[in-house]
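Take a look at the structure set out below.
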Amino acid sequence: MILSRTPVRLPLGGGGTDLASYYSRFGGFFVSAAIDKYNYIAVKRRFEDGFRISYSKTEIVDRIEDIQQPIIREALKLVDVRDYLEIVSIADVPGRAGMGGSSSYAVGVLNALHSYKMENVSRQTLAEEACRIEIDILKEPIGKQDQYVAAFGGINCYEVERDGAVRVDPLQLSSHSIAELESNLLLFYTGIKRNASQILERQKRDEEKGVKHVIDSMHKIKEIGYEVRDALKCGNLHHFGELLDLHWQTKKNLSNQVSNERIDQIYEIAKRSGALGGKIMGAGGGGFFMFYSENEKDRLRKAMSREGLKEVRFRFDFEGSKIILNL
Numbered sequence: 001m002i003l004s005r006t007p008v009r010l011p012l013g014g015g016g017t018d019l020a021s022y023y024s025r026f027g028g029f030f031v032s033a034a035i036d037k038y039n040y041i042a043v044k045r046r047f048e049d050g051f052r053i054s055y056s057k058t059e060i061v062d063r064i065e066d067i068q069q070p071i072i073r074e075a076l077k078l079v080d081v082r083d084y085l086e087i088v089s090i091a092d093v094p095g096r097a098g099m100g101g102s103s104s105y106a107v108g109v110l111n112a113l114h115s116y117k118m119e120n121v122s123r124q125t126l127a128e129e130a131c132r133i134e135i136d137i138l139k140e141p142i143g144k145q146d147q148y149v150a151a152f153g154g155i156n157c158y159e160v161e162r163d164g165a166v167r168v169d170p171l172q173l174s175s176h177s178i179a180e181l182e183s184n185l186l187l188f189y190t191g192i193k194r195n196a197s198q199i200l201e202r203q204k205r206d207e208e209k210g211v212k213h214v215i216d217s218m219h220k221i222k223e224i225g226y227e228v229r230d231a232l233k234c235g236n237l238h239h240f241g242e243l244l245d246l247h248w249q250t251k252k253n254l255s256n257q258v259s260n261e262r263i264d265q266i267y268e269i270a271k272r273s274g275a276l277g278g279k280i281m282g283a284g285g286g287g288f289f290m291f292y293s294e295n296e297k298d299r300l301r302k303a304m305s306r307e308g309l310k311e312v313r314f315r316f317d318f319e320g321s322k323i324i325l326n327l
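In terms of my numbering, the sequence shown has 320 at position 320, counting the first letter as 1, and numbering is strictly consecutive.
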């Protein structure tokens, strides 16, 4: 049996510039961190004929083409697995929550399948294969951030060339800065599930049409990404918190679906309760809120609890997708 463990991510700056509709014209840049919330994928050869796939539901089918779970179906084709398998998945955080869960799932499935076939593949290959499945084959209107962070782990800067090539540069942070970031970044689940595809599809269309306020906002988001990198490198975490606030205000210009009255209300309560800045994870519309707070974390926690939000404690993950069991 093979068991892979693959992290989800926290976008720290520049998110959205990893969409082809933007980077193919202007190049992309983002800073992102992997955290210790994981997708676990177990792969085992079946004694019986057929495939047994277990996620939020269970499928038992005879042919790969009949598998309804699209990522597993396409991953089996891509890796060219001929054996009948049982594939089981367990996730630490819910889906449709803005944490890059589907891409983490894709990377984890690919890693487990390659390991099953005794194939050593690079992190870059895992990330690109996941992108090929999600973006090229399944036509999801997403970017390359989630797959790369899931594969590489750590806290990195990612430069996306116009041809889609991605360069990964580890962000050199002191142990003190890493500990402070882990202490001062607070993650809360709103309980609101959202459809990121609708938001991203609209953003993609606007970028392809060259809608000025959207393009200008994306340029600003990329600029903030570079500022986030510089602030983190020099240990100026207070400025990083301020940049989160600027990023959120800029991101809301992209679409009226990024936020809503309830999300705006939560954000304002958080700001009044000690948050320096924050943002909704992923495309927006719901899911997880991340806030940066230095000296009033308990006050912020109490305020979010009163609003019905659930805190999720985390630490950074520096290993990326890995095989944790191979029997």
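From the three backbone atoms N, C-alpha and C, an ideal C-beta is built for every residue, glycine too.
(message) In whole angstroms, give me the CA-to-CA distance for Glu-360 and Leu-237.
(response) The displayed coordinates of the chain run from 1 to 327. Any statement about residue 360 would go beyond what the structure contains.
(request) Would you check if the distance between the CB atom of Tyr-189 and the CB atom of Leu-309 is smaller than 8 Å? (result) Taking 8 Å as the Cβ cut-off, Tyr-189 and Leu-309 qualify as a contacting pair.
(request) Flag this pair as yes or no: are the beta carbons of Ile-87 and Asp-317 separated by less than 8 Å? (result) no
(request) Name the residue from Asp-146, Gly-191, Met-304 whose alpha carbon lies nearest to the alpha carbon of Arg-123. (result) Asp-146
(message) With a threshold of 8 Å, are at least 3 pairs of Cβ atoms found where one atom belongs to the stretch 222-231 and the other to the stretch 241-252?
(response) Between the stretch 222-231 and the stretch 241-252, the count of Cβ pairs shorter than 8 Å is three or higher; the stretches touch.
(request) Report yes if the C-beta distance between Trp-248 and Lys-279 is below 8 Å; otherwise report no. (result) yes
(message) Based on DSSP bridge pairs, tell me the residues matched to Ser-32.
(response) Pro-11, Asn-156
(request) Taking 8 Å as the cut-off, decide whether the C-beta atoms of Gly-50 and Ile-64 are in contact. (result) Going by C-beta atoms, Gly-50 is not nearer than 8 Å to Ile-64.
(message) Given this structure, state the Cα-to-Cα distance separating Arg-96 from Ser-103, to the nearest angstrom.
(response) 11 Å
(request) Please state whether DSSP places Phe-26 in a helix, a strand or coil. (result) Of the three classes helix, strand and coil, the one that applies to Phe-26 here is helix, per DSSP.
(message) So, at 6 Å on beta carbons, what are the nonlocal neighbours of Ile-192 in its own chain, with the 5 sequence-adjacent residues on each side left out?
(response) Gly-286
(message) Under DSSP, the alpha helix (DSSP H) around Met-218 begins and ends at which residues?
(response) 212-233
(request) For the beta strand (DSSP E) containing Pro-170, list its first residue and its last residue. (result) 166-170
(request) Look up Met-290 in the DSSP assignment and say whether it is helix, strand or coil. (result) strand
(request) List the DSSP bridge partners of Asn-39. (result) Thr-6, Ala-91
(message) Less than 8 Å between the beta carbons of Val-93 and Leu-113, yes or no?
(response) no
(request) Please confirm whether Ile-328 and Val-109 have their CB atoms less than 8 Å apart. (result) With the chain represented from 1 up to 327, any question about residue 328 goes unanswered, as that position is not in the structure.
(message) Rounded to the nearest angstrom, what separates Asp-298 and Phe-291 at their Cα positions?
(response) 13 Å
(message) For the ligand ATP, I want to know if Asn-253 counts as a neighbour, meaning its beta carbon is within less than 7 Å of at least one of the ligand's heavy atoms.
(response) Ligands in the displayed structure: none, and consequently the ligand ATP is not present.
(message) I'd like to know whether the C-beta atoms of Arg-45 and Arg-52 end up nearer to each other than 8 Å.
(response) The answer is no: Cβ separation not under 8 Å.
(request) Note down, in chain order, each residue of its chain lying with its Cβ closer than 7 Å to the Cβ of His-213, except the 5 sequence neighbours on either side. (result) Result list for His-213: Asn-253, in chain order.
(request) Look up Asn-326 in the DSSP assignment and say whether it is helix, strand or coil. (result) Looking at Asn-326 - three-state DSSP - the assignment turns out to be strand.
(message) Please report the straight-line C-alpha distance between Val-107 and Leu-126, rounded to a whole angstrom.
(response) 6 Å
(message) Less than 8 Å between the beta carbons of Ile-2 and Ile-323, yes or no?
(response) yes
(request) Specify the secondary structure class of Ile-60 as computed by DSSP and reduced to three states. (result) strand
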